[in-house]
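Enquirer: Residue numbers (the working numbering), protein chains in the order written: chain V, 95 to 586; chain G, 386 to 517.
Here it is, the structure in full.
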């Protein structure tokens with residue numbers, strides 16, 4: 095493979111790299127009032143990169159052995175890359191208004207693009223070292239983004255917590271991977287590792303192997319925010335700028351899932367039962383705790399953060415069942431969740447922006463009371479929040495229903511009755527706190543009769559997310575087929 | 386397994402010495418060194434100058450700028466050095482499919498451009514000016 099072919103395979107990543115560097119350079123020569131153009135530029139780069147991925151084909155593309163077997167291009171990598179790109183696209187479109195006139199917009203958009211590249215590298219990586227580099231690129235960019243409102247103590251707290259926990263989880267993960275590397279005699283390629291552990295299952299069952307797996311599960315657990323490794327997530331998602339919370343919940347958290355799908359498969363081959371048990375306990379406590387704590391939240395961002403913890407619990411059922419159907423459901427859930435969560439956070443950000451514009455001293459703009467009577471003040475925003483929340487709860491004709499249906503069905507077919515009972519009970523429980531927001535918006539009287547006008551870019555971002563949620567919900571077949579072809583890659 | 390443990394015995398001895406020797410030295414110093422507890426001993430500077438003003442003041446460290454500059458030049462050098470030994474190595478070129486000298490030079494030039502953009506960024510942000 096020569097470098098022209100290589101460049102065409104990784105055109106989306108290259109486009110984003112050029113975009114990030116260009117935005118950084120152009121931003122140096124612009125006044126703060128002109129820097130808005132950088133947001134549009136980032137939008138264009140992300141849109142072009144997404145189109146290139148779609149144009150290259152997403153169902154049956156298969157390239158192996160790129161750059162000394164460190165990267166692969168297959169339906170799974172393309173599925174996740176497109177998800178990350180769309181999430182970043184929505185976030186960038188929403189940010190244009192949020193940070194209009196801000197002096198550091200060039201760094202902001204550069205970091206978002208670089209973070210997206212990191213996530214895309216993780217999606218493509220089949221080598222544990224390359225995967226780790228991708229993780230770090232995405233993490234370092236998002237640490238800085240979480241603390242982007244540097245005058246806001248909450249944002250700084252969010253960034254510090256995220257940074258410390260992120261560094262800790264990276265260390266745990268790397269330590270576990272180093273044991274795997276040592277035990278296998280110096281293999282880093284995931285498929286070679288899978289073959290090695292298939293031939294020598296005793297290695298992973300030795301004390302050292304168990305320690306390595308525990309470290310890896312804990313490292314991924316922190317990144318996926320599974321209980322008991324979730325403590326950072328609510329504080330970070332609540333404190334970070336709302337648009338960045340969308341990126342964290344829908345993008346960088348999902349990056350851990352694609353890596354875990356690929357890496358933990360090695361372990362599944364050798365010691366299927368033990369690790370399934372660990373993940374069964376993790377999944378049950380994660381979804382239960384996430385939903386129960388979300389019930390009592392008055393801040394909508396914090397509620398969405400806990401609901402995000404709960405959703406991670408649903409997705410981690412994949413590691414228990416590990417059938418192609420479950421993986422299909424899990425992968426589809428990742429994309430659905432990306433649309434629903436991004437949309438919900440962006441809608442909350444839009445309300446926060448409008449309330450702050452109305453009264454620049456407003457505190458706690460994501461508090462539930464601010465949503466009272468929103469149906470009258472801004473019908474579009476209230477309706478879109480309702481769609482996102484119902485999708486998160488899993489009401490039919492939304493993405494949430496389709497992906498939950500496939501995932502829960504596969505768990506049932508796998509014979510894990512206890513798990514599926516917990517999952518369905520939790521889904522029912524979650525409807526309570528989602529519906530409470532809808533009640534606030536449509537039943538309670540508004541605090542003022544003044545209409546709120548949603549700024550154009552926010553509306554576009556929200557509309558994109560709504561299209562995604564409804565498209566997966568109403569026409570699920572192409573998405574299910576796509577997720578199934580992505581799941582086939584792992585050859586379960 | 387025992388073989389591995391045997392190999393680490395020197396390390397264990399090192400750790401033991403590392404723990405014992407500082408403690409022993411501190412203990413010996415405490416025993417034999419003379420102590421004078423005069424008033425001058427407890428002033429900020431034993432030489433006698435009187436400190437003025439408060440020590441709690443704010444100053445702009447801008448450490449990140451040095452970090453970026455350090456990374457710029459350190460990583461560049463760190464990356465260039467092994468590259469120089471490899472890129473014309475016949476054995477490496479023939480054993481790696483798709484690897485050519487032109488490819489590696491192009492890759493390094495692209496890397497240098499990215500690093501150069503970093504320097505331009507620093508420059509335009511005014512980091513290279515010592516006093517502002």
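For every residue, glycine included, the Cβ atom is placed at its ideal position computed from N, Cα and C.
In chain order, what residues of the same chain have a beta carbon less than 6 Å from the beta carbon of residue 181 of chain V, not counting five sequence neighbours either side?
Expert: Here the question's residue 181 of chain V lines up with position 87 in the first chain. So the qualifying residues of the chain are 344, 345, 432 and 436.
Enquirer: What is the rounded straight-line gap between the Cα of residue 497 of chain G and the Cα of residue 463 of chain G?
Expert: As a position in the second chain, residue 497 of chain G is number 112, starting the count at 1. As a position in the second chain, residue 463 of chain G is number 78, starting the count at 1. One Cα belongs to residue 497 of chain G, the other to residue 463 of chain G, and the distance between them is close to 12 Å.
Enquirer: At 3 residues or longer, what runs of the beta strand (DSSP E) sit wholly inside the stretch 342 to 393 of chain V?
Expert: none
Enquirer: Distance, Cα to Cα, residue 561 of chain V vs residue 440 of chain V?
Expert: Position 467 of the first chain, counted from the start, is the residue given in the question as residue 561 of chain V. Position 346 of the first chain, counted from the start, is the residue given in the question as residue 440 of chain V. Distance between the alpha carbons of residue 561 of chain V and residue 440 of chain V is about 14 Å.
Enquirer: List the residues of chain V whose Cβ lies closer than 8 Å to the Cβ of residue 505 of chain G, in chain order.
Expert: The residue you call residue 505 of chain G lines up with position 120 of the second chain. Ordered by position in chain V, the residues that pass the 8 Å Cβ test against residue 505 of chain G are 119 and 122.
Enquirer: So, is the C-beta of residue 513 of chain G closer than 7 Å to a C-beta in chain V?
Expert: To locate residue 513 of chain G, count along the second chain from 1; it is residue 128. Not an interface residue.
Enquirer: Using the three-state DSSP reduction, which class does residue 388 of chain G fall into: helix, strand or coil?
Expert: For the purposes of this step, residue 388 of chain G is identified with residue 3 of the second chain, where counting begins at 1. In the structure shown, residue 388 of chain G sits in a helix (DSSP, three-state: H, G or I).
Enquirer: Looking at residue 577 of chain V and residue 394 of chain V, is the spacing between their C-beta atoms short of 7 Å?
Expert: Here the question's residue 394 of chain V lines up with position 300 in the first chain. Here the question's residue 577 of chain V lines up with position 483 in the first chain. Cβ distance not < 7 Å, so residue 394 of chain V and residue 577 of chain V don't count as in contact.
Enquirer: Using a Cβ-Cβ distance under 7 Å, would residue 463 of chain G count as near chain V?
Expert: Working through the second chain from its first residue, we reach residue 463 of chain G at position 78. No, residue 463 of chain G lies away from the interface with chain V (no Cβ there is under 7 Å from its Cβ).
Enquirer: If the criterion is Cβ atoms closer than 7 Å, does the pair residue 110 of chain V and residue 207 of chain V meet it?
Expert: Position 16 of the first chain, counted from the first residue, corresponds to residue 110 of chain V. Position 113 of the first chain, counted from the first residue, corresponds to residue 207 of chain V. It is a contact, given that the beta carbons lie within the stated cut-off.
Enquirer: Rounded to a whole number of angstroms, what is the C-alpha to C-alpha distance between residue 470 of chain V and residue 566 of chain V?
Expert: Your numbering for residue 470 of chain V matches position 376 in the first chain. Your numbering for residue 566 of chain V matches position 472 in the first chain. Straight-line Cα distance between these residues: approximately 29 Å.
Enquirer: Name the DSSP beta bridge partners of residue 160 of chain V, please?
Expert: Walking along the first chain from the start, residue 160 of chain V turns up at place 66. Its beta-bridge partners are V/165.
Enquirer: Applying the 10 Å Cβ sphere with the 16-neighbour rule, what's the burial state of residue 594 of chain V?
Expert: With chain V represented from 95 up to 586, any question about residue 594 of chain V goes unanswered, as that position is not in the structure.
Enquirer: Residue 502 of chain G touches chain V at which residues, Cβ-Cβ below 8 Å?
Expert: The residue labelled residue 502 of chain G in the question sits at position 117 within the second chain. Correct list: 115, 118 and 119.
Enquirer: Alpha carbon to alpha carbon, how far is residue 164 of chain V from residue 418 of chain V?
Expert: The residue labelled residue 164 of chain V in the question sits at position 70 within the first chain. The residue labelled residue 418 of chain V in the question sits at position 324 within the first chain. When rounded, the distance between both Cα atoms is 24 Å.
Enquirer: Could you check the C-alpha separation between residue 467 of chain V and residue 508 of chain V for me, to the nearest Å?
Expert: Stepping through the first chain from its first residue, residue 467 of chain V is reached at position 373. Stepping through the first chain from its first residue, residue 508 of chain V is reached at position 414. Answer to the nearest angstrom: the Cα atoms are 45 Å apart.
Enquirer: In whole angstroms, what is the alpha-carbon distance linking residue 407 of chain V and residue 98 of chain V?
Expert: Numbered from 1 along the first chain, position 313 holds the residue referred to as residue 407 of chain V. Numbered from 1 along the first chain, position 4 holds the residue referred to as residue 98 of chain V. Those two C-alpha atoms are separated by around 42 Å.
Enquirer: May I have the straight-line CA-CA distance separating residue 272 of chain V from residue 103 of chain V, to the nearest angstrom?
Expert: Looking up residue 272 of chain V in the first chain gives position 178. Looking up residue 103 of chain V in the first chain gives position 9. Each residue's Cα considered, the two are about 30 Å apart.
Enquirer: Within the same chain, show all residues whose beta-carbon is closer than 6 Å to that of residue 524 of chain V, passing over the 5 residues directly before and after it, in chain order.
Expert: To locate residue 524 of chain V, count along the first chain from 1; it is residue 430. For residue 524 of chain V, where only same-chain residues beyond five positions count, the Cβ hits under 6 Å are 385 and 487.
Enquirer: According to a CB-to-CB cut-off of less than 8 Å, which residues of the stretch 421 to 453 of chain G neighbour chain V?
Expert: none
Enquirer: Nearest-angstrom Cα distance between residue 253 of chain V and residue 245 of chain V?
Expert: Here residue 253 of chain V refers to the residue found at position 159 of the first chain. Here residue 245 of chain V refers to the residue found at position 151 of the first chain. Cα to Cα, residue 253 of chain V sits roughly 12 Å from residue 245 of chain V.
Enquirer: I'd like to know whether the C-beta atoms of residue 506 of chain G and residue 429 of chain V end up nearer to each other than 7 Å.
Expert: Mapped onto the second chain, residue 506 of chain G falls at position 121. Mapped onto the first chain, residue 429 of chain V falls at position 335. Not closer than 7 Å, so no.
Enquirer: Counting only the same chain and skipping the five closest in sequence on each side, list residues whose C-beta sits under 6 Å from that of residue 171 of chain V.
Expert: Counting from 1 along the first chain, the entry for residue 171 of chain V is found at position 77. Here the set comprises 217 and 218.
Enquirer: Does residue 456 of chain V come out as helix, strand or coil in the three-state DSSP assignment?
Expert: As a working mapping, residue 456 of chain V is identified with position 362 in the first chain. Three-state result, residue 456 of chain V: coil.
Enquirer: Residues of the stretch 485 to 501 of chain G in Cβ contact with chain V at a cutoff of 7 Å, in chain order, please.
Expert: 488, 491 and 499
Enquirer: Of all the alpha helix (DSSP H) runs that stay within the bounds of the stretch 180 to 243 of chain V, which reach a length of 4 or more residues?
Expert: Scanning the stretch 180 to 243 of chain V from its first residue to its last, the whole alpha helix (DSSP H) runs of 4-plus residues come out as 199 to 218 and 222 to 240.
Enquirer: Verify whether the separation of the beta carbon atoms of residue 491 of chain V and residue 568 of chain V is less than 7 Å.
Expert: The residue given as residue 491 of chain V occupies position 397 in the first chain. The residue given as residue 568 of chain V occupies position 474 in the first chain. In this structure, residue 568 of chain V lies closer than 7 Å to residue 491 of chain V by Cβ.
Enquirer: Cutting at 7 Å between CB atoms, please list the residues of its own chain near residue 483 of chain V, excluding the five before and the five after it.
Expert: Taking the first residue of the first chain as 1, we reach residue 483 of chain V at position 389. For residue 483 of chain V, where only same-chain residues beyond five positions count, the Cβ hits under 7 Å are 438, 528, 531 and 532.
Enquirer: Would the beta-carbon of residue 289 of chain V be found less than 6 Å away from any heavy atom of the ligand GDP?
Expert: Absent from the structure shown: the ligand GDP. Ligands present: none.
Enquirer: Is there contact between the stretch 221 to 239 of chain V and the stretch 387 to 401 of chain G, where contact requires at least three CB pairs shorter than 8 Å?
Expert: no
Enquirer: Using three-state DSSP, classify residue 283 of chain V as helix, strand or coil.
Expert: Your numbering for residue 283 of chain V matches position 189 in the first chain. Residue state, collapsed to three classes: strand.
Enquirer: How would you list, in chain order, the residues of chain V whose beta-carbon sits under 7 Å from the beta-carbon of residue 509 of chain G?
Expert: By one-based count along the second chain, residue 509 of chain G stands at place 124. The contacting residues are 122.
Enquirer: For residue 295 of chain V, count neighbouring C-beta atoms within 10 Å of its own C-beta (all shown protein chains included) and say buried if the count is 16 or more, exposed if not.
Expert: Here residue 295 of chain V is taken as the residue at index 201 of the first chain, counted from 1. By the neighbour-count rule (16 or more Cβ atoms within 10 Å), residue 295 of chain V is not buried but exposed.
Enquirer: Considering residue 509 of chain V, what are the terminal residues of the alpha helix (DSSP H) in which it resides?
Expert: Stepping through the first chain from its first residue, residue 509 of chain V is reached at position 415. No alpha helix (DSSP H) holds residue 509 of chain V; DSSP gives it neither H nor E.
Enquirer: Which stretch, first to last residue, makes up the alpha helix (DSSP H) that contains residue 512 of chain G?
Expert: For the purposes of this step, residue 512 of chain G is taken as the residue at position 127 of the second chain. No alpha helix (DSSP H) holds residue 512 of chain G; DSSP gives it neither H nor E.
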